[in-house]
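A.B. asks:
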Amino acid sequence: MERDKAGVPAGKALPVTIRHLAKHYGVVKALDDVSLSIAPGEFVTLLGPSGSGKTTLLMTIAGFARPNAGSIMVGETEVVRLPPHKRDIGMVFQNYALFPHMTVGQNIAYPLRLRRIPRPEIDRRVERVLELVQLGGYGSRRVDELSGGQRQRVALARAIVFEPRILLMDEPLSALDKQLRERMQIEIRRLHDQLGTTTIAVTHDQREALTMSDRVAVLHQGCLMQFAEPRRLYERPANRFVAEFIGESSFLPVTVEGGAARYCGQVLTLAEPAREARRHLLLLRPEKLVFLNGTADPSVENRFVGRVVDAVFQGESVLLTVVLAGGDEILARLPNRQLDRGGVPAAGSEIHLGLSAEDALLIPGED
Amino acid sequence: MSTVVSLMPRDRSPNVEALRRDQSRERLLLFSLCSPGLLIVLFLLFLPIGWLFFFSFVDGAGNPTFEHYRRIWTEGAYVQIFAVTFQVSVLVTGICVLLGYPLAYCLSQVSSRWSGILMLGVLVPFWTSLLVRTYAWLVLLQRRGLVNSMLIDLGIIDQPLRLVHNLTGTVIGMVHIMLPFLVLPLYASMRSIDMTYLRAAANLGASPIRAFWQIYFPLSLPGLVAGLVLTFILCLGFYITPAVLGGGRVQMIAQRIEASVHLYPTWGPASALGVVLLLLTVAVLLASHWLIGAWRRRIG
């Protein structure tokens with residue numbers, strides 16, 4: 002338990018259990034029977050394209066959208082019918098929603114004032130949380146004097162100062178520029194490890210999700226596609242949507258007969274034995290393909306021959322578009338350090354690509 | 015090429031003079047576009063006010079005098095009229111706020127289709143002639159008017175109420191006419207309030223009532239003050255409605271000015287009243303400006 006190391010009372014974090022949550026807007030299903038079990042102290046990110054239902058899910062947890070059916074348990078409490086102000090859930094809003102007529106300190110003190118906490122205690126807690134988000138001494142500043150990153154921290158401070166039962170974040174970093182965003186991702190993660198509060202964040206940025214979360218829930222058209230650790234999501238996507246949404250990918254149609262998986266007649270060696278099904282797809286991550294020209298590497302079980310269509314230099318690597326003998330187009334990423342040896346393959350040249358068995362993953366194909 | 019340019023001394027950079035000329039020509043063009051408006055303001059506003067100001071300080075023989083102002087200050091009737099003017103204006107503005115704030119809030123919250131329809135309800139009377147609306151109220155509120163006969167038919171009252179030719183009638187008519195002046199600026203400022211502030215307040219534990227008073231109301235204050243000041247200033251100088259619906263029992267300053275024009279052989283007394291009214295209006299404006307400024311400084 003990482004969080005025990007940080008010295009935070011482990012009993013404080015609460016589990017969140019979402020069961021059969023459904024929300025319709027007319028005939029559109031914003032949430033289609035979503036169930037999620039979030040462990041105490043876990044950092045979970047809801048990831049999906051726009052319209053996937055991730056924001057709707059967050060809003061139903063916060064109480065700003067009323068679902069048509071389902072249950073949301075925070076610890077032992079059913080909150081699905083509670084109005085938002087009685088849920089005791091902290092939230093960082095997309096555009097921070099810092100009150101413009103209050104100073105930084107007044108903004109952070111607001112939830113404490115509402116809870117009728119005595120003035121000296123409020124001042125102490127505001128100063129402490131400001132230091133926690135590295136804004137010590139900023140209490141008397143006006144909100145419009147702050148930079149985007151500083152507003153982000155104030156929003157975070159306001160959301161955690163009243164020690165809410167869980168913490169929600171709606172695209173918390175989307176308004177920041179790329180560099181600041183990457184720094185804040187690490188910082189939010191560090192803060193989470195310090196506080197140990199169960200946290201649910203929404204993002205459409207897969208890298209942000211992979212960086213910050215213990216587990217990621219991928220949503221698509223209101224349905225939960227997969228709920229797993231970042232590594233598992235990337236290495237073992239449950240379906241084509243997850244494989245395409247996270248990382249780069251290309252797919253090859255594969256037939257499975259008598260336990261043997263074949264692509265264009267060629268038998269494939271796989272990480273896991275293939276199940277019988279009508280259609281399968283072989284997932285190829287561009288950076289997992291090995292450049293084999295001139296060498297016969299015995300550690301690489303699967304071998305593909307193709308023709309280079311296009312080669313784009315992208316700094317740390319070269320992205321190749323390759324057409325295989327079967328006519329399928331795939332992407333391959335050639336690391337920069339291999340360029341000296343082989344040089345950038347010219348368009349039209351033949352190329353041999355290898356894929357080791359442990360990287361060869363079959364996912365269900367669409368019917 | 016670029017090194018050659020950067021090595022040249024600053025005053026020999028190309029086109030400095032020509033670009034400066036272009037800019038001043040553009041400024042002149044813009045100024046000439048607004049000059050007709052400026053001339054109209056100058057001739058139709060400042061010159062008459064200057065004349066008014068001048069006449070208020072001369073007597074019938076053309077000698078300088080403070081007599082007109084002394085009379086305003088010493089004769090109780092005038093002080094009384096100013097007091098009534100302020101009382102009626104405060105009353106009307108207050109009722110407008112009570113009616114207009116919820117109306118503007120409602121307009122800002124409903125879907126754009128409904129707000130369009132409701133806005134029409136605010137604007138159509140606004141576009142109708144002031145005199146027509148005032149006389150319409152006279153018809154509605156008189157002794158045997160629509161309101162009284164309906165109340166009697168319903169058995170709510172036995173005797174017709176005195177709804178017109180008094181303060182009640184004046185206030186009813188003025189509120190009706192002033193309401194759009196309060197609602198329109200207020201609505202505009204309410205539309206610009208981001209509703210996520212209210213969500214944030216609820217999320218932090220504020221009940222809807224607290225969220226309204228602690229978050230929404232302070233943010234709507236600039237619009238409210240703008241509408242309030244506009245309404246109040248228009249009330250101060252209002253003539254037609256108090257004259258028709260007040261029936262001579264509610265004397266406001268504009269009526270007194272009109273009477274003075276007929277009563278005295280010179281423009282002096284009426285001018286002096288006009289100047290005092292103008293100064294009071296300016297004072298109200300400055301006070302509200304200062305209040306808004308103080309509030310802005312506080313919230314940023």
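Protein sequence lines correspond, in order, to chains A and B. The first sequence begins at 2 in our numbering and counts up one residue at a time. The second sequence begins at 15 in our numbering and counts up one residue at a time. Built from N, CA and C at the ideal position, the CB exists for glycine as well.
1) For the segment 341 to 366 of chain A, which segments carrying the beta strand (DSSP E) assignment without a break, of at least 3 residues, lie completely within its bounds, in sequence order?
2) Tell me, to the nearest whole angstrom, how far the beta carbon of Ala273 of chain B is from that of Phe252 of chain B; I am working on the premise that it is less than 8 Å.
3) On the three-state DSSP scale, how would you describe Gln228 of chain B?
4) Kindly confirm or deny that the segment 229 to 247 of chain B and the segment 124 to 138 of chain A touch, where touching means at least three C-beta pairs closer than 8 Å.
5) Within the 7 Å Cβ cut-off, does Ala301 of chain B reach chain A?
6) Using 7 Å as the limit for Cβ to Cβ distance, is Arg311 of chain B near chain A?
7) Rounded to whole angstroms, what's the CA-CA distance from Pro119 of chain A to Leu113 of chain A? Just pull it up for me.
8) Going by beta-carbon coordinates alone, are Thr57 of chain A and Ala98 of chain A separated by less than 7 Å?
9) With DSSP as the reference, identify every bridge partner of Glu330 of chain A, one or two as the case may be.
10) Buried or exposed for Lys179 of chain A, going by 16 or more other Cβ atoms inside 10 Å?
11) Can Thr99 of chain B and Met266 of chain B be called in contact, C-beta distance under 7 Å?
12) Give the DSSP-derived three-state secondary structure of Pro287 of chain A in the structure shown.
13) In terms of residue numbering, what span does the beta strand (DSSP E) encompassing Val310 of chain A cover?
14) Kindly say whether Tyr111 of chain A, judged by its beta-carbon, lies nearer than 7 Å to any beta-carbon of chain B.
15) State the DSSP-derived secondary structure class of Pro119 of chain A, mapped to helix, strand or coil.
16) When DSSP labels each residue in this structure, what does Met209 of chain B get in the three-state scheme?
17) The ligand SAM heavy atoms versus the CB of Val301 of chain A: any closer than 6 Å?
18) Bridge partners for Lys24 of chain A per DSSP, in chain order?
19) Taking 8 Å as the threshold, find out whether the segment 111 to 122 of chain B comes into contact with the segment 171 to 185 of chain B through three or more Cβ pairs.
20) Near Arg216 of chain B, which residues of its chain fall below 8 Å by C-beta distance, leaving aside the five closest residues on each side in sequence?
21) Hey, is Met74 of chain A's beta-carbon within less than 7 Å of any beta-carbon in chain B?
22) Return no unless some Cβ of chain A is closer than 7 Å to the Cβ of Thr210 of chain B.
23) Answer yes or no: does any C-beta atom of chain A fall closer than 7 Å to that of Ala220 of chain B?
24) If you scan the segment 108 to 167 of chain A from start to end, which runs of the alpha helix (DSSP H) of 4 or more residues do you find wholly inside it?
25) Short of 9 Å Cβ to Cβ, which residues in the segment 177 to 210 of chain B face chain A?
26) When the Cα atoms are used, what is the spatial distance from Gly334 of chain A to Ala312 of chain A?
27) May I have the straight-line CA-CA distance separating Ser251 of chain A from Gly52 of chain A, to the nearest angstrom?
28) Which whole-angstrom value is the C-beta distance of Leu174 of chain A and Met185 of chain A, which I expect to be below 8 Å?
29) Determine the DSSP secondary structure at Phe94 of chain A, reduced to helix, strand or coil.
30) Please confirm whether Arg270 of chain B has its beta-carbon closer than 7 Å to some beta-carbon of chain A.
31) Do three or more CB pairs link the segment 224 to 242 of chain A to the segment 69 to 80 of chain A at distances below 8 Å?
32) Please report whether the beta-carbon of Gln92 of chain A lies at a distance below 7 Å from any beta-carbon of chain B.
33) What did DSSP end up calling Ala286 of chain B once you bin it into helix, strand or coil?
34) Glu122 of chain A to Asp34 of chain A, Cα distance in whole Å?
35) For Gly223 of chain A and Leu192 of chain A, I'd like the C-alpha separation in whole angstroms.
C.D. replies: Looking at the atomic coordinates:
1) 351 to 356 and 362 to 365
2) The Cβ separation is near 15 Å, so there is no contact.
3) helix
4) no
5) no
6) no
7) 9 Å
8) no
9) A:Val324
10) exposed
11) yes
12) helix
13) Asn303 to Phe314
14) yes
15) coil
16) coil
17) As for the ligand SAM, it is missing from this structure, which has no ligand bound.
18) A:Leu32
19) no
20) In the sequence as presented, Arg is not what sits at residue 216 of chain B; that position holds Ala. Taken in chain order, the residues that qualify are Pro222 and Ala225.
21) no
22) yes
23) yes
24) 120 to 133 and 149 to 161
25) Asp208 and Thr210
26) Sequence inspection shows Arg at residue 334 of chain A; the Gly mentioned does not correspond to that position. In a straight line, the C-alpha of Arg334 of chain A is about 10 Å away from that of Ala312 of chain A.
27) 24 Å
28) 5 Å
29) coil
30) no
31) no
32) Reading off the sequence shown, one finds Met at residue 92 of chain A, where the question assumed Gln. Taking Cβ atoms only, chain B reaches closer than 7 Å to Met92 of chain A, which makes this a yes.
33) helix
34) 44 Å
35) 30 Å
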